[in-house]
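For the sequence shown, position 30 matches number 29 in numbering that gives the first Met the number 0, and the numbering has no gaps at all.
Every residue, glycine too, gets a C-beta built ideally from N, C-alpha and C.
Predicted model only: the values in this text are computed from it and were never measured.
I have placed the structure first, in the form of structure tokens, so that the comments after it can refer back to it.
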Amino acid sequence: MARFDLIPLTPTFGVEVKGLDLMEVTAENLFPELRALFEEHSALLFRAQDLSPEKHLELAGLFGPIEDREADTRKPGETFRIPEVSNVQEDGTTSGEMDLKTLNLKANFLWHADSTFLPVPALINILVGRIVTTEGGATELASTRAAWAEMPEEMKARIRGRGIWHRYSHSRKKISEELSRLPMFHKWPDTHWNAVWTNPINGREALYIASHAFKVDGYDEPASQALIDDLTAFCTQGRYVYSHRWSVGDVLMWDQRAVLHRGTPWPYAQPRKLSSICSSVRDSDGLSAMRVAPDAA
Numbered sequence: 000m001a002r003f004d005l006i007p008l009t010p011t012f013g014v015e016v017k018g019l020d021l022m023e024v025t026a027e028n029l030f031p032e033l034r035a036l037f038e039e040h041s042a043l044l045f046r047a048q049d050l051s052p053e054k055h056l057e058l059a060g061l062f063g064p065i066e067d068r069e070a071d072t073r074k075p076g077e078t079f080r081i082p083e084v085s086n087v088q089e090d091g092t093t094s095g096e097m098d099l100k101t102l103n104l105k106a107n108f109l110w111h112a113d114s115t116f117l118p119v120p121a122l123i124n125i126l127v128g129r130i131v132t133t134e135g136g137a138t139e140l141a142s143t144r145a146a147w148a149e150m151p152e153e154m155k156a157r158i159r160g161r162g163i164w165h166r167y168s169h170s171r172k173k174i175s176e177e178l179s180r181l182p183m184f185h186k187w188p189d190t191h192w193n194a195v196w197t198n199p200i201n202g203r204e205a206l207y208i209a210s211h212a213f214k215v216d217g218y219d220e221p222a223s224q225a226l227i228d229d230l231t232a233f234c235t236q237g238r239y240v241y242s243h244r245w246s247v248g249d250v251l252m253w254d255q256r257a258v259l260h261r262g263t264p265w266p267y268a269q270p271r272k273l274s275s276i277c278s279s280v281r282d283s284d285g286l287s288a289m290r291v292a293p294d295a296a
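Below is the structure:
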């Protein structure tokens with residue numbers, strides 16, 4: 000660890016790591032140190048990296064299985080394409096503000112953790128700045144681990160020991176009814192996760208919540224949404240938030256078990272492209288303990 004300089008991103012979580020070239024990371028070289036930093040700090044920033052797409056994919060694979068939401072629709076011979084958070088279309092033009100592509104990006108402006116609606120959710124997202132805007136377009140992170148540690152006990156008591164239901168279309172419906180009806184947002188059945196994720200390495204607890212969350216065990220849906228909104232508001236206070244203004248070559252990665260994130264608006268005539276790869280959690284990351292027992296619902 001001593002070979003790296005660590006600069007705190009906030010008083011409560013996250014560090015910028017200086018002196019580590021991500022192109023040099025392999026399973027045997029540097030990854031053990033990188034994984035330890037990830038577990039300890041929840042969010043890591045690396046500036047001025049020259050991370051190739053191939054190395055981006057390799058690096059994500061060191062954390063866990065690559066999340067591939069299109070595996071069931073890919074044609075024979077087609078290979079995995081790195082997802083992009085972008086308003087750039089196939090012909091190089093930018094999508095209009097009310098296009099469904101842009102509306103889907105706007106759904107990412109809601110605080111969320113990636114893939115809570117999947118049968119196996121994400122452990123990490125590794126984002127790489129490829130094309131950036133002159134204004135706006137920040138990515139913001141909020142530590143639900145730091146927030147949970149400081150949350151009043153009476154608020155914790157409202158959610159501790161309960162399961163939360165997640166649905167992909169729920170977050171999209173908040174932006175557009177038309178968007179929420181697209182088949183891509185109905186591919187997976189609702190998921191049911193415990194509300195608190197305990198890190199198996201260090202024992203620290205984090206609230207596991209997202210804009211996809213729509214129902215809390217023991218509450219009706221209106222009361223559930225009110226509770227989810229209250230908890231999200233607490234976790235996204237300024238004390239627990241880091242806002243990242245992108246430069247080309249920046250690499251930002253975070254622990255999906257303990258961090259919410261969101262995008263922010265930018266002038267949509269300006270192109271923006273972030274390469275995004277999520278790796279899925281494994282049982283060793285605490286997955287099995289997060290599944291709600293059928294008789295506990």
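So, with DSSP's three-state summary, where would you put residue i?
i, result
"M150", "coil"
"D284", "helix"
"E139", "strand"
"A257", "coil"
"R46", "coil"
"P7", "strand"
"H2", "It should be pointed out that residue 2 corresponds to Arg in this sequence rather than to His. The answer is coil: DSSP assigns R2 none of H, G, I, E or B."
"S278", "strand"
"L36", "helix"
"N28", "coil"
"E57", "helix"
"S85", "strand"
"K74", "coil"
"E15", "strand"
"P293", "helix"
"K172", "helix"
"G237", "helix"
"L181", "coil"
"K105", "helix"
If you draw a straight line from the alpha carbon of residue i to that of residue j, how long is it in whole angstroms?
i, j, result
"K186", "F3", "43 angstroms"
"F213", "T115", "12 angstroms"
"H243", "M252", "11 angstroms"
"P10", "H191", "32 angstroms"
"R68", "M154", "35 angstroms"
"N28", "A232", "40 angstroms"
"L206", "G160", "11 angstroms"
"M0", "F30", "Reliability fails at M0, whose pLDDT of 47 lies under 50, so the model's placement of it is uncertain and no value is given."
"D228", "C234", "10 angstroms"
"E38", "P188", "30 angstroms"
"V247", "V291", "41 angstroms"
"V84", "D49", "19 angstroms"
"E357", "W164", "Past the boundaries of the shown model lies residue 357; the chain is included only from 0 to 296, so the question cannot be answered."
"T132", "L44", "19 angstroms"
"E32", "V16", "11 angstroms"
"E53", "I81", "10 angstroms"
"G309", "E77", "There is simply no residue 309 to check, as the chain begins at 0 and stops at 296 in what is shown."
"V127", "P270", "15 angstroms"
"E204", "A112", "16 angstroms"
"V87", "L273", "10 angstroms"
"A148", "E89", "45 angstroms"
"L56", "V258", "22 angstroms"
"A47", "G18", "11 angstroms"
Could you give the first and the last residue of the continuous beta strand (DSSP E) run that contains residue i?
i, result
"F233", "Run containing F233: none in the beta strand (DSSP E); it sits in the alpha helix (DSSP H), 220-234."
"F213", "212-215"
"Y241", "240-243"
"H165", "162-165"
"T115", "Counting along the chain, T115 falls outside any beta strand (DSSP E), and DSSP gives it neither H nor E."
"H191", "190-193"
"E204", "204-206"
Taking the beta carbon of residue i as the centre, do at least 16 other beta carbons fall within 10 Å, making it buried, or is it exposed?
i, result
"M22", "exposed"
"I6", "exposed"
"R144", "buried"
"S142", "buried"
"M183", "exposed"
"G136", "buried"
"Q255", "buried"
"D249", "buried"
"A35", "exposed"
"T72", "exposed"
"P120", "buried"
"E66", "buried"
Residue range of the alpha helix (DSSP H) that residue i falls in?
i, result
"G128", "No alpha helix (DSSP H) contains G128, which is instead part of the beta strand (DSSP E) from 121-130."
Is there at least one non-hydrogen atom of the ligand NAP closer than 6 angstroms to the beta-carbon of residue i?
i, result
"P293", "The ligand content of the structure shown is nil, which means the ligand NAP is not present either."
Does the beta carbon of residue i sit closer than 7 angstroms to a beta carbon anywhere in chain C?
i, result
"E134", "Included in the structure is just one protein chain, with no chain C present."
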